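Notes follow once the structure below has been shown.
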Amino acid sequence: MIVSALDAYSYAYDYFPKFPWDWKVADNFTWKEVFANEIMTDGTPILEVFENAVQLAKQLQIIRTKLGKPIHVHCWVRQVKHNKRAGSIAKRSPHINGRAVDFHVEGMADSDVRKKILEMNLPVRIEANTNGWVHIDI
Numbered sequence: 017m018i019v020s021a022l023d024a025y026s027y028a029y030d031y032f033p034k035f036p037w038d039w040k041v042a043d044n045f046t047w048k049e050v051f052a053n054e055i056m057t058d059g060t061p062i063l064e065v066f067e068n069a070v071q072l073a074k075q076l077q078i079i080r081t082k083l084g085k086p087i088h089v090h091c092w093v094r095q096v097k098h099n100k101r102a103g104s105i106a107k108r109s110p111h112i113n114g115r116a117v118d119f120h121v122e123g124m125a126d127s128d129v130r131k132k133i134l135e136m137n138l139p140v141r142i143e144a145n146t147n148g149w150v151h152i153d154i
């Protein structure tokens with residue numbers, strides 16, 4: 017069941033970082049995947065993060081549909097505390113506000129995935145030369 021940003025945020029206000037397993041942000045992506053790497057002490061993100069995740073999920077869903085292969089999310093939202101724990105020094109990382117996702121596509125080389133995404137002409141930025149994952153942000 018696809019759950020809106022507002023409904024997911026309202027639920028998260030009391031239960032973050034836990035979400036029902038069947039709550040989806042898009043056909044093939046869940047709210048659990050969006051916040052998979054967050055912990056309770058990171059605090060509940062603001063509504064804007066949920067709204068950004070919905071916009072990014074739309075692009076990720078297009079990519080998944082056009083490639084016809086499963087996408088495995090490594091990291092989506094990384095709030096400030098998590099970003100620091102991960103060793104990032106990027107104070108303006110788009111992961112912080114839900115506008116970036118790192119992933120790999122089953123059965124495809126990362127370079128091939130980046131090439132295919134470029135051919136799709138989507139409104140995303142693709143980070144070049146990542147190793148072991150593909151990074152896109154909006």
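For the sequence shown, the numbering used here gives the first residue as 17, with consecutive numbering after it. Where is the CB? At the ideal position from N, CA and C, for every residue including glycine. Nothing here was measured: the structure is a model prediction, and the numbers come from that model.
Span of the alpha helix (DSSP H) around E122: Where E122 is concerned, there is no enclosing alpha helix (DSSP H), given that its DSSP letter is neither H nor E.
Three-state secondary structure assigned by DSSP to H98: helix
Where P139 falls, given that 16 or more other Cβ within 10 Å makes a residue buried: exposed
Per DSSP, cross-strand counterpart(s) of K40: I18, T46
V89 - DSSP class collapsed to helix/strand/coil: strand
Neighbour-count burial assignment, R101, 16 or more Cβ in a 10 Å radius: exposed
Close beta carbons around A73, own chain, < 6 Å, minus the five adjacent residues each side: V41, A42, F45
Short Cβ contact (9 Å threshold) for E64 with N99: no
Own chain partners of V96 with C-beta closer than 7 Å, once the 5 adjacent residues on each side are dropped: I112
Pair within 9 Å by beta-carbon distance, S104 and R94: yes
Rounded straight-line distance, which links the Cα of G148 to that of L83: 18 Å
Length of the line joining the Cα atoms of W92 and E135: 23 Å
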